[in-house]
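Novice:
Numbering (this note's numbering), first residue to last: 5 to 484.
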């Protein structure tokens, strides 16, 4: 067995390391490993070299075991692959005095930190990953408690999404996204209780199942324009969301729900009936888009956000949906350098010494990452100028799959976010601009003595036309 192999070789330290890797294996893997250890003893006459190999082998075994338990994300692009590559790289273990790579003591120190039972978040060791995952699982129970009607698959999807990501993304999910979802589910459950609608109620089971049927029905309720029809529409869309939780971000349905809720507030004994005048409202929306400097400024900001989001999204996809722009840029810089070359070593050293806000560009010089914030705050004048210039220079990359690795997308707090999260935040901005355009168009019409724009169908047409203008403008390429 494994003990006999190393006892016969008179190598107790090697035995301890071999046992560390051996205990994580199943029967078949242990049989294979025994042969590997026999060969290792034959091939490595130098005890120090053998101890290095055994330490790396033990580290790999602990890392693989953690990935199987989902303590860390699995795969070559996940934490599993990155940590194994870390232990495979001699440059990560330099002698404190000589700075020579591949130092045994530095390697052993890193291994002890990796397997320490005490969480050490500054080193992101396995115990710290495990503790954070356990805390997340407790919070998932809070999510289930927030809404007893929640689909178990939703809980499972949250756990799978967490398990598939690295340290930073897990932190974002656990501290930013999950708390918001818990509050959302609490609110959703309250609304369901107040309306008497639950997943087990007969009314829910008999609700409209087809999305297309629901859209037709909701438009009919809006056209009927009565308090009864509006209330019925709101009730049916709630039923649909309960039966189809995945549809909660459906922009068409959310828009119709917003129109129904808006009309419910407006309806009363003195409501006016007016014929829609779509040509008039279209004209006023066009005037606002062309002549209102406030709207023009916001449209330009969203154009900058959209182009950079498009570039960052392409780059994320090239790097297995990695959120960190710094990490993506580092991977590209290292991939562009030949393995074993001085350039690769210098590149790695540069990234080790630079902060997370710096990268090495195509000209092999350091530069600061360009941050673009996805929030309701206006972009400062200087940031706008810088973004405009840099986006114009880089937008040619949007025609291929390269994308942008120099852009760091953040939320209102400055926390780096993924492209999918940025899209959700931008949607809120676009909805605000759309509503603002309609309100300004209405005001322009009122000053001319025309009240027809207040008709519901005209407002729907105005919103639709405003969104068409927004979508066209924000995807346009920049010109000098």
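Here a beta-carbon is modelled for each residue, glycine too, at the ideal position from N, C-alpha and C.
Tell me, to the nearest whole angstrom, how far the beta carbon of residue 445 is from that of residue 294; I am working on the premise that it is less than 8 Å.
Specialist: Residue 445 to residue 294, Cβ: 12 Å. No contact.
Novice: Can you give the Cα-Cα distance for residue 185 and residue 304, rounded to whole angstroms?
Specialist: Computed Cα separation, rounded: 31 Å.
Novice: In whole angstroms, give me the CA-to-CA distance for residue 379 and residue 262.
Specialist: Computed Cα separation, rounded: 21 Å.
Novice: Just reading off the alpha helix (DSSP H) that residue 85 is part of, what are its end residues?
Specialist: Looking at the DSSP string, the run of the alpha helix (DSSP H) that includes residue 85 is 83-92.
Novice: DSSP three-state call for residue 414: helix, strand or coil?
Specialist: Residue 414 falls in the strand class under three-state DSSP.
Novice: Start and end of the alpha helix (DSSP H) containing residue 240?
Specialist: Looking at the DSSP string, the run of the alpha helix (DSSP H) that includes residue 240 is 231-247.
Novice: DSSP three-state call for residue 358: helix, strand or coil?
Specialist: It is coil, neither helix nor strand.
Novice: Is it the case that the Cβ atoms of residue 382 and residue 373 are separated by a distance below 8 Å?
Specialist: Their beta carbons are not under 8 Å apart, which means residue 382 does not touch residue 373 by this criterion.
Novice: Would you decide whether residue 32 is buried or exposed? Buried here means 16 or more other CB atoms lie within 10 Å of its CB.
Specialist: Only weak support exists for where residue 32 lies, its pLDDT of 48 falling under 50; the coordinates are left without a value.
Novice: Suppose only complete runs of 4+ residues qualify. What are the alpha helix (DSSP H) ranges in the segment 262-336, listed by chain order?
Specialist: The segment 262-336 contains these whole alpha helix (DSSP H) runs: 282-295 and 297-322.
Novice: Just to confirm the assignment, what range does the alpha helix (DSSP H) spanning residue 441 have?
Specialist: Residues 423-451.
Novice: Is residue 159 near residue 144, with beta carbons less than 8 Å apart?
Specialist: A contact, by the Cβ cut-off of 8 Å.
Novice: Determine, using beta carbons only, whether residue 387 and residue 299 come nearer to each other than 8 Å.
Specialist: The answer is no: Cβ separation not under 8 Å.
Novice: Would you call the segment 469-479 and the segment 385-400 touching, i.e. three or more CB-CB distances under 8 Å?
Specialist: They do not touch, by the three-pair rule.
Novice: Between residue 140 and residue 178, how many whole angstroms is the CB-CB distance? I'm expecting something under 8 Å.
Specialist: Yes, they are in contact, since the Cβ atoms of residue 140 and residue 178 sit about 5 Å apart, within 8 Å.
Novice: Tell me the rounded alpha-carbon separation between residue 220 and residue 235.
Specialist: Those two C-alpha atoms are separated by around 16 Å.
Novice: Over what stretch of residues does the alpha helix (DSSP H) that includes residue 164 continue unbroken?
Specialist: Taken as a continuous stretch (DSSP letters only), the alpha helix (DSSP H) holding residue 164 covers 156-167.
Novice: Among residues of its own chain, excluding the 5 on either side of residue 478, which ones have a beta-carbon nearer than 6 Å to its beta-carbon?
Specialist: The residues are 306, 307 and 310.
Novice: When the Cα atoms are used, what is the spatial distance from residue 364 to residue 385?
Specialist: Answer to the nearest angstrom: the Cα atoms are 26 Å apart.
Novice: If you follow the beta strand (DSSP E) that residue 376 is in, where does it begin and where does it stop?
Specialist: Unbroken beta strand (DSSP E) run through residue 376: 374-377.
Novice: Just confirm the distance between the C-beta atoms of residue 228 and residue 327, as a whole number of angstroms; I'd bet it's less than 8 Å.
Specialist: Rounded, the Cβ-Cβ distance is 46 Å, inconsistent with contact.
Novice: Judging by CA-CA distance, which residue of 398, 120, 59 and 101 is the nearest neighbour of residue 92?
Specialist: It is 59 whose Cα lies nearest to the Cα of residue 92.
Novice: Does the beta-carbon distance from residue 427 to residue 313 come in below 8 Å?
Specialist: Closer than 8 Å, so yes.
Novice: In angstroms, rounded to a whole number, what distance separates the CA positions of residue 73 and residue 169?
Specialist: Using only the alpha carbons, I get a separation of about 14 Å.
Novice: Going straight from the alpha carbon of residue 183 to that of residue 346, what length do you get?
Specialist: Cα to Cα, residue 183 sits roughly 46 Å from residue 346.
Novice: How would you label residue 400, buried or exposed, when you count the other beta carbons within 10 angstroms and need 16 or more for buried?
Specialist: Burial call: exposed.
Novice: In the DSSP assignment, what are the bridge partners of residue 363?
Specialist: Note: residue 363 sits in a beta bridge opposite 371.
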